[in-house]
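Structure first, commentary second.
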């Protein structure tokens, strides 16, 4: 398929904010692919619609082309001075739209730019397969001379692209494609386009939650039909999307989960999904990234103390003191994220693994089994010692008992508790946030009852002692309905001078000249950022706010608590969760 066909699809999707219209556009596009049996590039098309080159579970390197180099390539390609391109970019705020404008004007107004418009120059030449091959070469190119190689490849791609194609080519390269289409909208389009039945989206979504590679699933759907998609199950070596917990006031928890329920400690660590096949142990983060090399000691603990040949289990890894008597905060554990000097760091920061769920054992999937059955089997296969435990679990019948275990958990250095339903339907719901699991991290009374995860979207320079560094940051939460990040609050408290200095250096790689397309914010920072870096904050209460009209809510007295490097941008708190917190406070 020509890349131009995909660029037109992107343009059509970007032109409408209405989800139903997006579904119609996608279903017609996929229907044409099905009718023409043009399946060669189908998985690549899906990844690009999701704004990536491959799925997270394939862990391909980032393209790694700075905006400065893209401007240089555009200047060489168009004959326009870099200074002029930068001026246009500052006005538009989007390198893709900047390129489209410059190249379109250049084509139509030769005299304006003193440009020789050769016949057929913008004829569509670029194939999607060719584009992918070139982008992979750019991503894999490293070492001396790699920048020149990347520049040459990019110029070659631009020479085969129309202005519209160049717009989306550059957005793909800068990871700013974002045409407003969520993964769930793509799934709706797939269901209608390939099966004609919208209800089949439930089957496709379930398959995606168990095998988070929508390109793979789409190929199976197109080549073998919905019946084969229904057979997709949890498998070794492929992380599934984590089941998530909801929030409600503590007085309503039993009403939601039913009684009795199980309350477990909610630990201040890093969630892991562990795949054991004999001596081969793989550890996956919540973001579905393999992080086994960061925790070689944990892999060995699993080999020695999980007493079955094959299993997929979930747990939390927590930093411990030298005597394994006291759990330490996540900030201590974050030292283990280093890729170098791993042996030295594991001695400095000992850890314990606390297990809480079982997803598969040998060749039998456990995700459809009720919680108590999963927990009982987990207890049978784990040999506990200092470095490996089951998360503390208590049977609860009343709200008073729930509060007792919550207070005990907080006293023991945890974040709070997770209340879990033990009814017959208490299955493991991968990728979903329902009321089978409810988290409780705080109680009403002066402070918000839970923390909030946000992404940084803007920086504001300080004064006096903090002159020259950002002393406050604008934060946003995620809205999956339109795939945007909506400004929520400014946070200026909780930072140390050292944190602010280090964060300012970290944020330089995410600087952009104008508000990103997927950010909704009426506030005006000194510097805009791509919504990438996630942090956790606490505050007194959520209030209705005119200052952040895209969301309509803000947070009183926000305080920075910690960074959340294990969270992807779209894993932060959602707009609906903010509304629930406002309603429940």
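Numbering (the working numbering), first residue to last: 98 to 682.
Every residue gets a Cβ at the ideal spot worked out from N, C-alpha and C, and that includes glycine.
What you are looking at is a predicted structure, and each value in this text was computed from that prediction instead of being measured.
What is the DSSP secondary structure of residue i, counted as helix, strand or coil?
i: residue 529; result: coil
i: residue 619; result: coil
i: residue 170; result: helix
i: residue 463; result: coil
i: residue 685; result: There is simply no residue 685 to check, as the chain begins at 98 and stops at 682 in what is shown.
i: residue 423; result: coil
i: residue 98; result: coil
i: residue 653; result: strand
i: residue 608; result: strand
i: residue 208; result: Low per-residue confidence applies at residue 208: pLDDT is 42, beneath 50, and the placement is therefore not dependable, though the value from the model is reported in the following sentence. Correct three-state label for residue 208: helix.
i: residue 363; result: strand
i: residue 406; result: coil
i: residue 581; result: strand
i: residue 103; result: helix
i: residue 660; result: strand
i: residue 517; result: strand
i: residue 383; result: coil
i: residue 224; result: strand
i: residue 413; result: strand
i: residue 394; result: helix
i: residue 560; result: coil
i: residue 626; result: strand
i: residue 648; result: coil
i: residue 490; result: strand
i: residue 377; result: strand
i: residue 185; result: helix
Express the C-alpha separation of residue j and residue i in angstroms, rounding to a whole number.
i: residue 99; j: residue 105; result: 10 Å
i: residue 318; j: residue 326; result: 6 Å
i: residue 731; j: residue 315; result: Outside the displayed span of the chain (98 to 682) sits residue 731, for which this structure offers no information.
i: residue 247; j: residue 514; result: 49 Å
i: residue 209; j: residue 255; result: Its pLDDT being 44, under 50, residue 209 is placed unreliably in this model, and the value from its coordinates should be taken loosely. Approximately 21 Å, taken between the alpha carbons.
i: residue 350; j: residue 289; result: 38 Å
i: residue 229; j: residue 150; result: 8 Å
i: residue 520; j: residue 468; result: 8 Å
i: residue 299; j: residue 527; result: 13 Å
i: residue 186; j: residue 610; result: 8 Å
i: residue 132; j: residue 632; result: 46 Å
i: residue 196; j: residue 260; result: 7 Å
i: residue 525; j: residue 222; result: 48 Å
i: residue 482; j: residue 356; result: 32 Å
i: residue 213; j: residue 262; result: Residue placement at residue 213 cannot be trusted, given a pLDDT of 45 that sits under 50; the coordinates are not used to answer.
i: residue 170; j: residue 177; result: 10 Å
i: residue 117; j: residue 110; result: 11 Å
i: residue 258; j: residue 284; result: 29 Å
i: residue 245; j: residue 184; result: 25 Å
i: residue 598; j: residue 560; result: 14 Å
Tell me whether residue i is buried or exposed, calling it buried when 16 or more other Cβ atoms sit within 10 Å of its Cβ.
i: residue 453; result: buried
i: residue 313; result: buried
i: residue 320; result: exposed
i: residue 630; result: buried
i: residue 324; result: exposed
i: residue 654; result: exposed
i: residue 420; result: exposed
i: residue 565; result: exposed
i: residue 661; result: buried
i: residue 587; result: buried
i: residue 569; result: buried
i: residue 366; result: buried
i: residue 428; result: exposed
i: residue 44; result: Since the first and last residues shown for the chain are 98 and 682, residue 44 lies out of range.
i: residue 295; result: exposed
First and last residue of the alpha helix (DSSP H) that includes residue i?
i: residue 442; result: 439-445
i: residue 283; result: 280-287
i: residue 245; result: 243-256
i: residue 124; result: 116-133
How far does the beta strand (DSSP E) with residue i in it reach, from first residue to last?
i: residue 155; result: Premise fails: residue 155 is in no beta strand (DSSP E) and is neither H nor E.
i: residue 567; result: 567-576
i: residue 451; result: 448-458
i: residue 342; result: 341-343
i: residue 487; result: 485-487
Measuring from the CB of residue i, is there a heavy atom of the ligand GTP at a distance below 7 Å?
i: residue 234; result: Questions concerning the ligand GTP fall outside what the structure shown contains, since it holds no ligand whatsoever.
Given 8 Å, three or more beta-carbon pairs between the region 498-506 and the region 374-381:
no
At least three beta-carbon pairs within less than 8 Å, the region 545-562 to the region 619-638
yes
Would the region 572-592 count as touching the region 273-281 if we require 3 or more Cβ pairs under 8 Å?
yes
Check whether the region 436-448 touches the region 407-427, counting contact only when three or more Cβ pairs, one atom from each stretch, lie closer than 8 Å.
yes
Take every Cβ of the region 156-174, pair it with every Cβ of the region 231-240, and state whether three or more of those distances are shorter than 8 Å.
yes
Taking contact to mean 3 or more Cβ pairs, one atom from each stretch, closer than 8 Å, check whether the region 251-270 and the region 165-175 are in contact.
yes
With three or more C-beta pairs closer than 8 Å as the rule, is the region 470-480 touching the region 325-342?
no
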